[in-house]
Every structure is written in C-alpha cells, then in structure tokens.
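Residue numbers (the numbering used here): 17 to 170. We put the CB at the ideal spot given by N, CA and C, even for glycine. First up is the structure itself, then whatever we jot down about it.
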Amino acid sequence: MVVLHVLAVSVALLAGAIVLVLRKGTALHRRLGWLYAASASVMAFSSFGIYEIRNGPSLFHAISVVVLVLVGFAVYQPLRRPRSSTWMSRHLVLMQTSYLMLVVTGIAQFFDQLPFESPAINAIVFLQLPLVMGIVLISVSARAHLKTPLSRHG
17 MVVLHVLAVS
27 VALLAGAIVL
37 VLRKGTALHR
47 RLGWLYAASA
57 SVMAFSSFGI
67 YEIRNGPSLF
77 HAISVVVLVL
87 VGFAVYQPLR
97 RPRSSTWMSR
107 HLVLMQTSYL
117 MLVVTGIAQF
127 FDQLPFESPA
137 INAIVFLQLP
147 LVMGIVLISV
157 SARAHLKTPL
167 SRHG
C-alpha cells in the first residue's frame, strides 16, 4: 500500500505542478487535470491503508478526507450545468488548495528529518512559510482570475 501511495503522490505532484503553469482550458490542461485528480484521489484513499507508520489513524488521514472533498468539488465545477459565473474561480481555488495541502503535508511527513536542529525553525521554514506563500498566491491568482472576462473561458 505504501508503494501505491508514494507512486500516486509522485504523479499528483508532477501533474499538479505542470497544470499550475500551463495555459488553462486547453486539452492538455484537462488531461493533466484529470490525471492530478485521479492520482490525488488514489493517494488519499491509499492513505487509509497505511497505519503502521504513525501507529494508527493520524491527522494525515483527516487531511486525506479534506483533499478528497476539495478535489471532488473542484472537478464538479467545470462539469456542472448550467455553470455559474464563478465556477472557474472556485475550481481554481479548490485545485490550488488541494495541491498546497499535498505539498505541505508531504513536507510534514518528513518533519523529523528536516535539516535544522530547532523544530521551531523547521516549522517556520518548511511548513508555515510554504503555507502562507501558497495562500497568498492562491488569493492573488483567484483575484486576478475574477478580473478576467468570462467570455474568453466559456
């Protein structure tokens, strides 16, 4: 189960990173987006079969549920008919948030192996800083996206 989980995480990280920088709405964006959604879902579901690392259910299992909900709602937005005028912004924020959670929880999994001696410095540099930067970037991206005319996106 661990191998499946790590493979799914690796695919989700790669596909998600590419989708973040691609032009939105293209066929490649959609294909890689589906790959990201599928691999993030496999990652989340496979986490429920991994208890030996943390000696039972942990916060990471709760985060897996949140990721499943985020990805599910994100995928639903462009499929929904009729679409609301804000579907694209919701899709963007949900997908980016799920990716941010994937990255930050991935770092947290290896927290005890991070380079600084001080747990506080490790927390600031490797968890809080990426989380704050991610939230700011998601906010800026969503705000910029709301200013984009919807007629361009359909």
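Residue from the options whose Cα sits closest to the Cα of residue i
i	options	result
Ala-90	Ser-114, His-45, Ala-78	Ser-114
Ala-24	Phe-132, Ala-158, Gly-122, Tyr-67	Gly-122
Gly-49	Tyr-92, Gln-144, Leu-130	Tyr-92
Ser-16	Gly-72, Pro-94, Met-111, Ser-100	Nothing about residue 16 can be reported from this structure: the residues present for the chain run from 17 to 170 only.
Val-119	Ser-63, Ala-158, Gly-150	Gly-150
Ser-155	Phe-64, Arg-47, Met-117, Ser-105	Ser-105
Backbone CA spacing between residue i and residue j [nearest angstrom]
i	j	result
Ala-31	His-21	15 angstroms
Met-17	Ile-66	7 angstroms
Arg-168	Ser-74	With a pLDDT of 46 at Arg-168, under the threshold of 50, the modelled position of this residue cannot be trusted, and the question is left open.
Val-152	Leu-108	14 angstroms
Arg-97	Trp-103	10 angstroms
Val-87	Ala-28	12 angstroms
Val-85	Ala-60	10 angstroms
Ser-132	Ala-139	Inspection of the sequence shows that residue 132 is occupied by Phe rather than by Ser. Between Phe-132 and Ala-139, the C-alpha separation is close to 10 angstroms.
Boundaries of the alpha helix (DSSP H) in which residue i is found, first to last residue
i	result
Asn-138	135-139
Pro-94	75-95
Gln-125	103-125
Leu-51	43-63
Closer than 9 angstroms to chain B by CB, residue i
i	result
Ala-160	In the structure shown, chain B cannot be found, because there is only a single protein chain.
Problem set entry | contact_flag[the segment 69-84, the segment 40-54] where n(CB pairs < 8 angstroms) is 3 or more | no
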